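This report concerns only the one structure given below.
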Amino acid sequence: MEIDDLRKLIRELAISIGKTYEPLFAAVKQVTDEYSESARKIGLEVAFIGEQISKSLAPLVVDTTWIEEAIPRLENSLQKYKLILIDLEFPPYYGFDFNQINSLVEVYEQKGKGEAKKYLNDLIGKEFNRNQINIMFANWKRSTYINKSRSKILDEIHFAHTSRKYFLSVATIIPQIEGVLIRGKKHKGRVNQKDILKLVKGLIDKGKFSIDKVLDIYFETILYTGFTLNKKRASSLSRNAILHGIDIKYGNRINSIKCMILFDYLLNKLDEQ
């Protein structure tokens with residue numbers, strides 16, 4: 238679903254439903270729910286539009302020029318958001334609303350990287366409560382890319398995370414991230430890290446409102462970064478350092494959630510194919 242299509246839908250809904258904001262907001266929500274997978278790239282814009290509608294208590298005039306004015310602000314915030322995610326070693330995530338993103342940008346610019354990391358971790362910690370985690374795992378099982386065998390492994394990951402056994406959840410989900418990508422892209426023959434990075438690049442959407450570039454960079458510079466013995470870790474979540482037994486401090490809630498966000502984002506990209 239493209240942005241122009243969304244604009245058209247909003248205009249048509251505004252005309253057909255009337256001038257009171259309540260039914261329009263409900264209709265917009267229904268549209269975005271229906272196209273939740275294909276519209277992920279514009280999910281933040283939809284959220285922003287929804288917020289503006291919900292805050293307006295006056296009758297809505299069918300004038301969508303404010304949408305045009307909002308788009309440059311959104312694009313600017315998204316560009317900053319992408320850079321911050323990369324700098325804070327965080328995978329791509331569309332779940333924050335417009336205000337949360339602006340707040341993160343503000344903290345980063347005014348208080349620095351350290352405070353921004355604390356703020357982001359706090360946001361994520363609140364966002365991924367037990368109920369949200371349960372919903373996420375249930376959604377994964379409905380994907381065409383999750384068979385019964387992989388589903389059993391996901392059950393073990395789910396149990397490990399909710400039981401606070403983060404060393405187990407992180408170490409178990411990383412191979413599944415690679416496995417679902419390889420199977421999803423129907424790769425044949427031998428597989429090495431270069432092959433996986435190439436598969437990731439094949440999923441990237443370069444549109445203005447896409448944060449897919451973060452996925453590409455995260456795989457290459459965070460997940461697949463190398464390591465040197467007796468030196469400071471180059472990454473907070475290095476697949477190589479973890480699976481080779483060099484990083485023995487990776488087992489924490491935030492790293493476990495990062496892995497789940499990465500798996501979820503990747504699975505949604507495959508489902509969009």
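Quick note: the sequence shown uses the numbering used here, first residue 238, plus one each step.
Ideal Cβ positions, reconstructed from N, Cα and C, are used throughout, including at glycine.
This structure is a prediction, so every number in the text was calculated from the model and none was measured.
> To the nearest whole angstrom, what separates the beta carbons of K350 and L320, a pair I think is in contact under 8 angstroms?
Replying inline: The residue you call residue 350 lines up with position 113 of the sequence shown. The residue you call residue 320 lines up with position 83 of the sequence shown. In this structure K350 is not in contact with L320, their Cβ atoms being roughly 11 angstroms apart against a cut-off of 8 angstroms.
> Of the residues F327, I338, G332, which one's Cα is nearest the Cα of L315?
Replying inline: Taking the sequence shown and counting its residues from 1, one reaches residue 315 at position 78. Ranking F327, I338, G332 by Cα distance to L315 puts I338 first.
> In whole angstroms, what separates the C-alpha of E509 from that of I459?
Replying inline: Counted from its first residue, the sequence shown places residue 509 at position 272. Counted from its first residue, the sequence shown places residue 459 at position 222. Distance between the alpha carbons of E509 and I459: 25 angstroms.
> Could you give the distance in angstroms between the alpha-carbon of K278 and the alpha-carbon of H481?
Replying inline: Here residue 278 refers to the residue found at position 41 of the sequence shown. Here residue 481 refers to the residue found at position 244 of the sequence shown. Unreliable placement is indicated for K278, whose pLDDT of 48 sits below 50; the coordinate value is still reported in the next sentence. Straight-line Cα distance between these residues: approximately 35 angstroms.
> What is the DSSP secondary structure of K402, counted as helix, strand or coil?
Replying inline: Position 165 of the sequence shown holds residue 402. Note: K402 maps to coil in three-state DSSP.
> Can you name, in chain order, every residue of its own chain whose Cβ lies under 6 angstroms from the Cβ of L452, other than the five neighbours on each side?
Replying inline: On the sequence shown, position 215 is the one that residue 452 refers to. In chain order, P329 place their CB closer than 6 angstroms to the CB of L452, counting only its own chain and leaving out the 5 sequence neighbours on each side.
>> Just to confirm my understanding: we take T409, look at its own chain, exclude 5 residues before and 5 after, and list those with CB closer than 8 angstroms. What are they?
In response: For the purposes of this step, residue 409 is identified with residue 172 of the sequence shown, where counting begins at 1. For T409, where only same-chain residues beyond five positions count, the Cβ hits under 8 angstroms are I390, E393, I394, A397.
> Can at least three beta-carbon pairs, one atom from the segment 488-496 and one from the segment 431-439, be found at a separation below 8 angstroms?
Replying inline: In this structure the segment 488-496 does not touch the segment 431-439; the number of beta carbon pairs closer than 8 angstroms is below three.
> Which stretch, first to last residue, makes up the alpha helix (DSSP H) that contains K350?
Replying inline: The residue you call residue 350 lines up with position 113 of the sequence shown. Judged by DSSP secondary structure, K350 falls within the alpha helix (DSSP H) whose first and last residues are 350-364.
>> For a test of the three-state rule: what should DSSP assign to S447, helix, strand or coil?
In response: Within the sequence shown, residue 447 is the residue found at index 210, counting from 1. In the structure shown, S447 adopts coil according to DSSP, grouped into three states.
> Buried or exposed: I479, going by 16 or more other Cβ atoms within 10 Å of its Cβ?
Replying inline: Here residue 479 refers to the residue found at position 242 when the sequence shown is read from its first residue. With 16 or more other Cβ atoms from the protein chains shown falling within 10 Å of its own Cβ, I479 counts as buried.
> Which of helix, strand or coil does DSSP assign to T458?
Replying inline: Mapped onto the sequence shown, residue 458 falls at position 221. In this structure, T458 counts as helix in the three-state DSSP scheme.
>> Applying the 10 Å Cβ sphere with the 16-neighbour rule, what's the burial state of K354?
In response: Reading the sequence shown from its first residue, position 117 is the one you call residue 354. That one is buried.
> Considering only residues of the same chain and omitting the five flanking positions on each side of R235, which have a CB-CB separation below 7 angstroms?
Replying inline: Absent from the structure is residue 235, since the part of the chain shown begins at 238 and ends at 510.
> Taking the continuous alpha helix (DSSP H) assigned at Y502, which residues delimit it?
Replying inline: On the sequence shown, position 265 is the one that residue 502 refers to. 490-509 is the extent of the alpha helix (DSSP H) around Y502.
> In whole angstroms, what separates the C-alpha of Q347 from that of S386?
Replying inline: One-based indexing of the sequence shown puts residue 347 at position 110. One-based indexing of the sequence shown puts residue 386 at position 149. When rounded, the distance between both Cα atoms is 48 angstroms.
>> Using the Cβ count rule (16 or more neighbours within 10 Å means buried), how would you classify D501?
In response: Along the sequence shown, one-based indexing puts residue 501 at 264. A residue is called buried once 16 or more other Cβ atoms fall within 10 Å of its Cβ, and D501 is buried on that count.
> DSSP three-state call for A408: helix, strand or coil?
Replying inline: Here the question's residue 408 lines up with position 171 in the sequence shown. In the structure shown, A408 sits in a helix (DSSP, three-state: H, G or I).
> G439 by DSSP, collapsed to three states: which one?
Replying inline: Mapped onto the sequence shown, residue 439 falls at position 202. Judged by DSSP in its simplified three-state form, G439 adopts coil rather than helix or strand.
>> Under DSSP, the alpha helix (DSSP H) around Y425 begins and ends at which residues?
In response: Along the sequence shown, one-based indexing puts residue 425 at 188. According to the sequence displayed, residue 425 carries Lys and not Tyr. From DSSP, K425 is part of no alpha helix (DSSP H); its letter is neither H nor E.
>> Quick check on DSSP: helix, strand or coil for I485?
In response: As a working mapping, residue 485 is identified with position 248 in the sequence shown. In the three-state reduction of the DSSP assignment, I485 falls in the coil class, being assigned neither a helical nor a strand state.
>> Tell me the rounded alpha-carbon separation between V342 and F327.
In response: Your numbering for residue 342 matches position 105 in the sequence shown. Your numbering for residue 327 matches position 90 in the sequence shown. Looking at the two C-alpha atoms, the distance is approximately 14 angstroms.
> Any heavy atom of the ligand FAD within a distance shorter than 7 angstroms of the CB on K317?
Replying inline: As far as ligands go, the structure on display features none, and thus does not contain the ligand FAD.
> Under the three-state reduction of DSSP, which class applies to I479: helix, strand or coil?
Replying inline: Here residue 479 corresponds to residue number 242 of the sequence shown, with the count starting at 1. Taken through DSSP and simplified to helix, strand or coil, I479 comes out as helix.
>> Which residue wins for smallest C-alpha separation from S473, given the options W377, E457, N492?
In response: Here the question's residue 473 lines up with position 236 in the sequence shown. The shortest Cα separation from S473 among W377, E457, N492 belongs to N492.
> Quick one: is I414 buried, meaning 16 or more other Cβ sit within 10 Å of its Cβ, or exposed?
Replying inline: Counting from 1 along the sequence shown, the entry for residue 414 is found at position 177. When all chains shown are included, I414 counts as buried.
>> Please report the distance separating the alpha-carbon of S340 from that of L418.
In response: For this step, residue 340 is matched to residue 103 along the sequence shown. For this step, residue 418 is matched to residue 181 along the sequence shown. Going from the Cα of S340 to the Cα of L418 covers about 33 angstroms.
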